[in-house]
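Here's the structure we're looking at; comments come further down.
In our numbering, the protein residues as written are -3 to 234.
And the structure:
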């Protein structure tokens, strides 16, 4: 691969992240030249709690899970990140170490900017505005996650997860919306902090009531209104 082609691929990876969208081409070329590339296989650990954070990573391809693990080995997934998402901005700004685990769930390609390169971008108003928007969005997601765990029942948390996945992976079929992503009940449990048996009981109950259909690790929402009502979403009242 030629240097020019390699740089173009890096620029495309940077532009997948909205924080770089308003930078001029010459600046993007400089950033692409300064970027480091890392590739991970599915299941490979990217970082863990206590690791130093000295770079901003951009997901150019693939997916990662961000999670906490208890001493007993229980895992709670707090975020699923994909193409265009960034990792490490909060730690860089607060000069802190990693608080979570980050594991690749597919073959993943990261572009990484070291701390001096990252700090050199901060005077750029468009970049900083995009960065603040990203941090605010992550904070809102964290608050909603904490709210779900502390206040809402498993039924409500599960309904919210299905609706969220249908927005990201949903495909309309004749009688509903299929979540076009294979996902195990174990993984669902890790995403809403519940055991697999409890997840299975709830899914089977909704299946019996014709709210969903289950087939080969895929879920089809048949009655979106009912699921939205269970989720206690404000949209259910409209």
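Just so it is clear, CB atoms sit at the ideal spot from N, CA and C, and this is done for glycine as well.
In this text the structure is predicted, and so the values were computed from the model without any measurement.
Host alpha helix (DSSP H) of residue i (start-end)
i	result
residue 132	121 to 147
residue 182	181 to 188
residue 86	85 to 90
residue 197	192 to 204
residue 25	21 to 30
residue 166	Where residue 166 is concerned, there is no enclosing alpha helix (DSSP H), although the beta strand (DSSP E) it sits in stretches over 166 to 169.
residue 221	220 to 226
Buried/exposed call for residue i, threshold 16 Cβ in 10 Å
i	result
residue 87	buried
residue 169	exposed
residue 132	exposed
residue 235	Nothing about residue 235 can be reported from this structure: the residues present for the chain run from -3 to 234 only.
residue 171	exposed
residue 182	exposed
CA-to-CA distance, residue j to residue i, given in whole angstroms
i	j	result
residue 7	residue 60	21 Å
residue 89	residue 214	39 Å
residue 140	residue 26	37 Å
residue -3	residue 4	Any reading at residue -3 must be qualified, since the residue scores a pLDDT of 48, below 50, and its modelled position is unreliable; the value itself is stated next. For residue -3 and residue 4, the distance between alpha carbons rounds to 11 Å.
residue 223	residue 204	14 Å
residue 85	residue 143	24 Å
residue 49	residue 209	43 Å
Extent of the continuous beta strand (DSSP E) run through residue i
i	result
residue 104	104 to 110
residue 97	97 to 100
residue 214	214 to 217
residue 208	208 to 211
Opposing strand residues paired with residue i [DSSP bridges]
i	result
residue 64	72
Sequence-distant residues of the same chain with beta carbon closer than 6 Å to residue i, five excluded per side
i	result
residue 71	63, 65, 186
residue 233	For residue 233, the pLDDT reaches just 43, beneath the cut-off of 50, and the residue's location in the model is therefore unreliable, although a value from the coordinates is still provided. Excluding sequence neighbours, residue 233 sits near nothing in its chain.
residue 161	175
residue 164	none
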